[in-house]
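Below is one structure, written out as structure tokens; the observations come after it.
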Amino acid sequence: MYVCAAAHMQPALHQSEMRLTYVMLALLLHRSINNSNKMEQRLSFKQRKVILKWYWRTENVVEIQRQWTREFGTEPPARLTIAHIRDKFETHGTVYDVYKGRSRRPRTSTSPASSAMVLGRFEHSPQKSTK
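Quick note on my numbering: the sequence shown kicks off at 244 and runs consecutively.
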């Protein structure tokens, strides 16, 4: 009698486990297909400017998405992206990338009094650190 070695190494999956496995694979495949159709790159300044111009004309997100498809021939930006571009222009007055100031250490101000104090300490003992 011939016995397959692989059958002894891994127990057989029950039918319910098999169904669950197929469902999980189908979901993963569905996600990868849907995500590949979405816009994954950042919009250029020119594209953001065009979206804002169209928004001024129509104030209709669906019409902007239709015009985007006609103009660029690609997947249009999401409603939320268009709203963010509008809001950014209203708050900052530009659609350029605005530096938010979060990525580095905040600046400290130097007052004339603190400058004089440091200079006085340095003159008193030039060899000692002022920290």
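Note that beta-carbon positions come from the ideal geometry of N, C-alpha and C, so glycine has one too.
With contacts defined by Cβ atoms closer than 7 Å, I325 and V304 form a contacting pair. Membership of Y298 in the alpha helix (DSSP H) is indicated by the continuous run F288 to T301.
Contact between Q284 and W297 is ruled out by a C-beta separation of about 19 Å, above the 8 Å threshold.
The continuous alpha helix (DSSP H) containing P355 extends over residues P355 to H367.
In the displayed model, V305 falls within a helix according to three-state DSSP.
Your pair R300 and V338 does not check out as a contact, with CB atoms roughly 16 Å apart and the cut at 8 Å.
A straight-line Cα-Cα distance of about 14 Å links F332 and K289. Of the other Cβ atoms in all chains shown, fewer than 16 fall within 10 Å of the Cβ of V361; this residue is therefore exposed. Bounds of the alpha helix (DSSP H) holding R329 are R322 to H335.
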